[in-house]
Amino acid sequence: MHISVRGIVEKDDGIILIHRIKPREDGTLRDYFVVPGGKKEEGESNLETLNREIEEELGITVDVKEKLIEYDDQAYNDSIQIFYICTHKDGIIGTGNGPEMTNKNEYKGTFEPVVVKYEDLKNVNLVPEAIKDLLVERYEEIKNEKKL
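Spelled out as structure tokens, the structure:
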């Protein structure tokens, strides 16, 4: 089991996700979205992992606002995933230099950073599904607060 740290980066009434299109062994394609982030390395704090992964995958820096959830994903991915709410601080989205962005031979498929509007979240294949449900709830809360 390992720990993964992920950043829900809020931007322009939406969040930045990684759009993945990945070939399966049977030749079909798996089309899905993930929250940017990755495996915690030995000796790193959660926030160090988060900042490193966001910079590698997105090419940006973030301000961390709050921890959203620790999600037990051991049944599917043998991991505990820790999700933080962040905001885009600096940098150009899509300029990440991590191995999944620069070593296309080892990492099959596409890794495309995209901004998905909160209102469109329920229509994307976001993995894990439980996180999508939490984010849709968060959008409803934000929308209701703006009406007050």
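So in numbering that gives the first Met the number 0 the end of the sequence shown lands on 147, straight run, no missing numbers. Beta carbons: idealized from backbone N, C-alpha and C, even for Gly.
Inter-residue CB distance, residue i and residue j (contact presumed, cutoff 8 Å)
{"i": "G36", "j": "G6", "result": "6 Å"}
{"i": "K116", "j": "G13", "result": "4 Å"}
Contact test: residue i Cβ vs the ligand PLP heavy atom, cutoff 7 Å
{"i": "N76", "result": "By its list of ligands, the structure shown contains no ligand whatsoever, and the ligand PLP lies outside what it can speak to."}
Check whether residue i and residue j have beta carbons under 8 Å apart
{"i": "G95", "j": "E55", "result": "yes"}
{"i": "I81", "j": "K64", "result": "no"}
{"i": "Y70", "j": "A129", "result": "yes"}
{"i": "I20", "j": "G97", "result": "no"}
{"i": "T86", "j": "D62", "result": "yes"}
Residue i to residue j span [Cα, whole Å]
{"i": "S44", "j": "D72", "result": "20 Å"}
{"i": "F149", "j": "I141", "result": "Nothing in the structure corresponds to residue 149, since the chain is present only between 0 and 147."}
{"i": "D11", "j": "G42", "result": "34 Å"}
{"i": "M0", "j": "I79", "result": "8 Å"}
{"i": "I15", "j": "V114", "result": "4 Å"}
Per-residue burial, residue i [other beta carbons within 10 Å of its own, 16 or more giving buried]
{"i": "K39", "result": "buried"}
{"i": "G26", "result": "exposed"}
{"i": "I91", "result": "exposed"}
{"i": "P112", "result": "buried"}
{"i": "L28", "result": "exposed"}
{"i": "E9", "result": "buried"}
{"i": "E52", "result": "buried"}
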